[in-house]
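Working notes, beginning with the structure itself.
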Amino acid sequence: MSALKKMPKFIAVLFTLSLWSNDLSSAEVGVDRLIGAGNEPQNWMTYSGTYNAWRYSSLSQINQSNVKQLVPVWVFQTGVVDGGFSCTPLVVDGVMYITSPWNRVFAIDAVTGKEIWHYYYPVPEEFGLLYGPWNRGVALGHGLVFMGTIDNHLVALDAETGEEVWNVNIEDVDQCGCNITGAPLVVKDKVVVGVTGGDSAHRGYLNAFDAKTGKRAWRFWTIPAPGEEGSDTWSGDSWKYGGGATWLTGSYDPDLNLIYWGVGNPAADFYGETRKGSNLYTDSIVALDADTGELKWYHQQIPHDVWDWDAAYECVLMDLEVEGKKRKLLINVNKGGYTWVIDRTNGEFVNAWPIAEEINWISGIDSEGNLLGRLEPAVGETTLICPSIGGARSWNHAAYSPKTGLFYTTAIEWCQDLTVQVEEPRPGEPYFGGVFELRRTPQGEAWSHFDAYDPLSGEKRWSYRSKYPLLASSVATGGNLVFTGDPEGNFMAFDAVDGEKLWSFNTGSGHRGSPITYSVDGIQFVAVPVGWGSAVSGIMSQIWPEVEDFPSGSALFAFALGK
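When the letters of the sequence shown are read in order and numbered with mature numbering (1 follows the signal peptide of the UniProt record, and there is no 0), they come out as residues -26 to -1, 1 to 537.
Here you go:
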């Protein structure tokens, strides 16, 4: 028997990896590669894997028959255990790029986990940090790595060396009460990036910058100024402080040359008397010309939101048959518990279906997309609202598999006692207009689930129940697998067809980030950021006190098949 055969599986894999020669040479990530990212399943070149935001890879070396053989092959520690590890790793030609809290960027050998370079953003010693130190990832393109910062800058780094190339201050963080926690999106010669600020007295926007120089190319204001179309949906001067954050990452259709971005809630979150009207373009999906930022169409899901629901989550693009005709669709999960299906060529409503069981802020949505039976809390009165402010789903992203035709997403069953309060805006300061306390559902329970749906009809195909809220993204693969993690540290693989849990590994800390899969030299890996934390996990203790003792962390785990 050879020495290799005598080794434990994970040691054997490490030994094999150490023999590989990985010169880390790579071609520049340009326009054509980003558009054709789906043709390079060995890489994960953009935040959602591809512009259509499927979070899917056709890699199938790891599959239903052998996933039980997965073992950890390396672990990379960022050394920043603060606020949760929420990033999506990117991989191009054997090099992985990750971010940690407090805007640290690392380039790593994707085979061995060895650091190539790191960049520590010079965070100011004193500034108003309203939205936490977390960061969800970078964007790649034109030889550069792009990252938004917690003090509202956008920086570009040399992809090979990590040296700073340019740095743009978008807006004074203390003045706006906003920053950048989402990953940018590179589209052609521009880098597009959103902003937080939906829970502070701030007017939201989406910016595009010249990728090479950092010069701003265009800005789309999510709240119209007086005289602009839609300005009549805001009363008085409420438009100045109306929220409308673009805090996550959008999608892009190169055939239509449209960027799709979700817009968050209006501010104040709960007190709507000072902002009478439908409050465009909050709680909307906007379609913008990629070259100019011009608004081509919008679809508002929730006019005059008084519950802090967002349409800011991922915009998943897919072409499906609707009543016998193939249509270009966009699927968006709203924080309030419904999934909207709209035509991405014109914003026309197609369908809406729930991901949660406990929803009481409306009684339903009609065939035209109108909200029915709105439960609007009165000022000064405490009202039970389901779901809670944490959402029927948090920002963690869904996955879609073209192989199974199913859409995979998490949901949380929980509620809150909401008391609306009169509040005046103070620029750059929190602007909620109420207080809340989490509650179990009227049945006395609170739980979470991970589900597979028909993306058009919302028919549920299978479900996995979790005691605690599932706050990690998922990734689907050509091996008919879907991966996600839970707060107790379990990283799990499910049969994408029937939902059977096929494999699990405890990583020692809870999951709040986004797993990916990639391959180098014909070997498929699955990588996942591990580190419990974030705003939503912080309020969970109101229902589950024990989560305060869940261990923190900030490690990137990579798995491959054992030998």
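Yeah, the Cβ is synthetic: ideal placement off N, Cα and C, and Gly gets one too.
Model, not experiment: these values are computed from the prediction.
So V169 packs on T223, CB below 8 Å; how close in whole Å? In fact, because the Cβ distance is near 12 Å, the residues do not count as touching under 8 Å.
Span separating the alpha-carbon of Q16 from that of Q498: 8 Å
I need the straight-line Cα distance from N143 to V161, nearest angstrom please. When only Cα atoms are considered, N143 and V161 end up about 21 Å apart.
Relative to the C-alpha of W76, which candidate in P98, G68, V69 has its C-alpha closest? The option with the nearest alpha carbon to W76 is P98.
Checking 7 Å against the spacing of the C-beta atoms, do T62 and Y21 come in under that value? Yes, the pair counts as a contact, with Cβ atoms nearer than the cut-off.
In its own chain, which residues sit with a C-beta less than 6 Å from the C-beta of G338, not counting the 5 before and 5 after it? L346
From residue 541 to V49, what does the alpha carbon distance come to, in whole angstroms? Residue 541 lies beyond the range of the chain shown here (-26 to 537); nothing can be said about it.
Pull up the distance between the alpha-carbon of Y374 and that of A285, whole angstroms please. 18 Å
For N480 and L131, what's the separation of their Cα atoms in angstroms? 34 Å
Can you tell me where the beta strand (DSSP E) holding A529 begins and where it ends? 529 to 535 is the extent of the beta strand (DSSP E) around A529.
Taking the DSSP output, what are the residues bridged to E411? E411 pairs with D391.
Does the contact criterion of 3 or more C-beta pairs under 8 Å hold for the stretch 444 to 464 versus the stretch 384 to 394? yes
Distance CB(A27)-CB(E433) smaller than 7 Å: no
What number of angstroms, rounded off, separates the C-alpha of V494 from the C-alpha of M70? 11 Å
Of the residues L254, N109, L430, G484, which one's Cα is nearest the Cα of L465? Before going on, a small fix: residue 465 reads as Phe here, not Leu. It is G484 whose Cα lies nearest to the Cα of F465.
State the Cα-Cα distance for the pair F406 and A242, rounded to the nearest angstrom. 5 Å
Going by DSSP in three states, M70 sits in which element: helix, strand or coil? Per DSSP, reduced to three states, the secondary structure at M70 is strand.
Does the distance from the CB of W108 to the CB of G58 come in under 7 Å? yes
Report yes or no: do the stretch 425 to 442 and the stretch 466 to 478 share at least 3 C-beta pairs separated by less than 8 Å? By the Cβ test, the stretch 425 to 442 is in contact with the stretch 466 to 478, since at least three Cβ pairs between them sit closer than 8 Å.
In terms of residues, what are the limits of the alpha helix (DSSP H) holding D148? 147 to 150
Under a three-way DSSP split, which group does D206 fall into? helix
Might you give, ordered along the chain, the residues of its own chain that have their beta carbon closer than 7 Å to the beta carbon of K302, omitting 5 neighbours on each side? D293, D317, R318, T319
Three-pair Cβ contact test at 8 Å for the stretch 120 to 127 versus the stretch 143 to 155: yes
Beta-ladder partner(s) of A426, from DSSP: Y382, W436
In whole angstroms, give me the CA-to-CA distance for T187 and N334. 49 Å
Quickly, what does DSSP pair P503 with across the bridge? List them, please. Within the DSSP bridge table, the entry for P503 names L530 as partners.
Check each candidate in L304, Y179, W477, A529 and name the one with the smallest Cα separation from S39. W477
Any idea what DSSP makes of R367, helix, strand or coil? coil
Helix, strand or coil at M466 [DSSP, three-state]: In the structure shown, M466 falls within a strand segment according to DSSP collapsed to helix, strand and coil.
Close Cβ partners of L455 (< 8 Å) along its chain, the five nearest in sequence each way excluded: I36, N37, Q38, V41, A467, F468, D469, A470, L476
I'd like the ranges of any beta strand (DSSP E) spanning at least 3 consecutive residues and lying wholly in the stretch 89 to 120. Whole beta strand (DSSP E) segments, 3+ residues: 89 to 94, 113 to 115.
Expressed to the nearest angstrom, what Euclidean distance is found between the alpha-carbon atoms of T458 and G23? 16 Å
Who are C289's beta bridge partners in DSSP? Partner(s): N306.
How far does the beta strand (DSSP E) with V55 in it reach, from first residue to last? That residue, V55, is in no beta strand (DSSP E); it is neither H nor E in DSSP.
Report the three-state DSSP secondary structure of V3 (helix, strand or coil). coil
Once DSSP output is grouped into helix, strand and coil, what is the label at G298? It is coil, neither helix nor strand.
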